[in-house]
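The block underneath contains the structure these notes are about, expressed in structure tokens.
In UniProt numbering, the protein residues as written are 1 to 216.
In structure tokens, the structure reads:
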């Protein structure tokens, strides 16, 4: 029987706070149980300059970013142990991201914008400023990034319910460059267990996507 490597699994999830040790433990256990290779985590609520330990033997690499004032926009990225992680360079601006010429660019998170309001929001229109929506669409186009879930489910409507805004919307995404879409095996939206956001999981053919390159 031919050996079939495990897919490379990417998760984006809103955690609604990870300051409680038990929540961090449960998160790390859940990630390992579902064989997540890379996790994009939003709303860690970590305090600036004093992020708690968020790693285990299965996920030894954690990168945390703490906004100086707004705890809700604090995020983290976890990488599983079998990934050979080496930070070559970090970038905060779109033009810096576009300057990378090697590897596979994966972008994930809660973007707070329904990209296609007619199908991504129950009202059929976006409450976001049109300028913000156009700016995001332009940035994605410039970086050749594609909404993975929408590419696999072109006509479907899937979303989470916002109690605050009293509407359904899809604002959590994983983006992949157009030329890497052939490596996508599966994209799914899970149940909202950690917050009122639904997690998104992307499964990639690890040989096709990362066999001879690196992720960014």
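The C-beta atom is built at its ideal place from N, Cα and C for all residues, glycine as well.
For the 8 Å CB-CB criterion, residue 38 and residue 199 do not form a contact.
Here residue 18 is near residue 46, since their CB atoms are less than 8 Å apart. When Cβ pairs closer than 8 Å are counted between the two stretches, the region 181-192 is seen to touch the region 138-152, the count reaching three or more. Secondary structure note for residue 65: it is in no alpha helix (DSSP H), and the uninterrupted beta strand (DSSP E) holding it is 61-65.
For the pair residue 204 and residue 30, the Cα-to-Cα distance works out to about 19 Å.
Pairing residue 111 with residue 174, the inter-Cα distance amounts to about 10 Å. Rounded to the nearest whole angstrom, the CA to CA distance from residue 79 to residue 56 is 10 Å. Distance between residue 121 and residue 11, taken at the CA atoms: about 22 Å.
C-alpha of residue 58 to C-alpha of residue 81: approximately 5 Å in a straight line.
In this structure, residue 119 lies away from residue 136, with their beta-carbon atoms at least 8 Å apart. Here residue 121 is bridged, per DSSP, to 169.
Residue 176 sits in a strand when the DSSP states are folded into three classes.
In the structure shown, the three-state DSSP call for residue 133 is helix.
Collapsing the DSSP output to three states places residue 40 in a strand. Secondary structure at residue 79: strand, using DSSP grouped into helix, strand and coil. Per DSSP, reduced to three states, the secondary structure at residue 33 is helical. Within a 10 Å sphere around the beta-carbon of residue 201 sit 16 or more other beta-carbons, which makes this residue buried.
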